[in-house]
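The block underneath contains the structure these notes are about, expressed in structure tokens.
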Amino acid sequence: TSFPRHKVKEIKGDDRVESITIEPLDSGQIKSLSVQGVFIEVGLVPNSEFAASLVKLNQADEVVVDCGNHTNILGLFAAGDVSSVPEKQIIIAAGEGAKATLTAHQYLLRSR
1 TSFPRHKVKE IKGDDRVESI TIEPLDSGQI KSLSVQGVFI EVGLVPNSEF
51 AASLVKLNQA DEVVVDCGNH TNILGLFAAG DVSSVPEKQI IIAAGEGAKA
101 TLTAHQYLLR SR
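Have a look at this one:
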């Protein structure tokens, strides 16, 4: 079960997780739930302010990139959670960074 827009107030258990206490962000209705595990996902706000005047951003303020990590500016590439690639995971961001580096390298070789 997923509880978006909630914060975890407490995780209880002796040798393992047995229950959690959560609170919705928009009201004070605290509730306790019996659970066997907890996965916490922190919200994401792309740190794109510095690039807003340079590149195209989407409605989520992510830098818009194509499949080669090109932005709308020739020779400018973006990768990681700031980019418009939909999956926001460390392994995806690392792979996108490697891909952007290779694409930039090819761009520089062709620009000679």
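Quick note: the sequence shown uses full-length UniProt numbering, first residue 1, plus one each step.
Each residue gets a CB set at the ideal place from its N, CA and C atoms; glycine is no exception.
With a minimum length of 3 residues, the unbroken runs of beta strand (DSSP E) contained wholly in the UniProt domain "FAD/NAD(P)-binding" (6 to 93) fall at 6 to 12, 19 to 24 and 31 to 34.
Taking the Cα of S27 as reference, the smallest distance to any Cα among V42, L33 and R5 is reached at R5. Taking A52 as reference, the option from L102, I73 and S19 with the minimal CA-CA separation is I73.
Around the beta carbon of V65, 16 or more other beta carbons lie within 10 angstroms, which makes this residue buried. Distance between G68 and V45, taken at the CA atoms: about 23 Å. Nearest neighbour of F77 by Cα position, chosen from S19, L33 and V63, turns out to be V63. From the listed residues G75, K99 and E96, the smallest Cα separation to R112 is found for G75.
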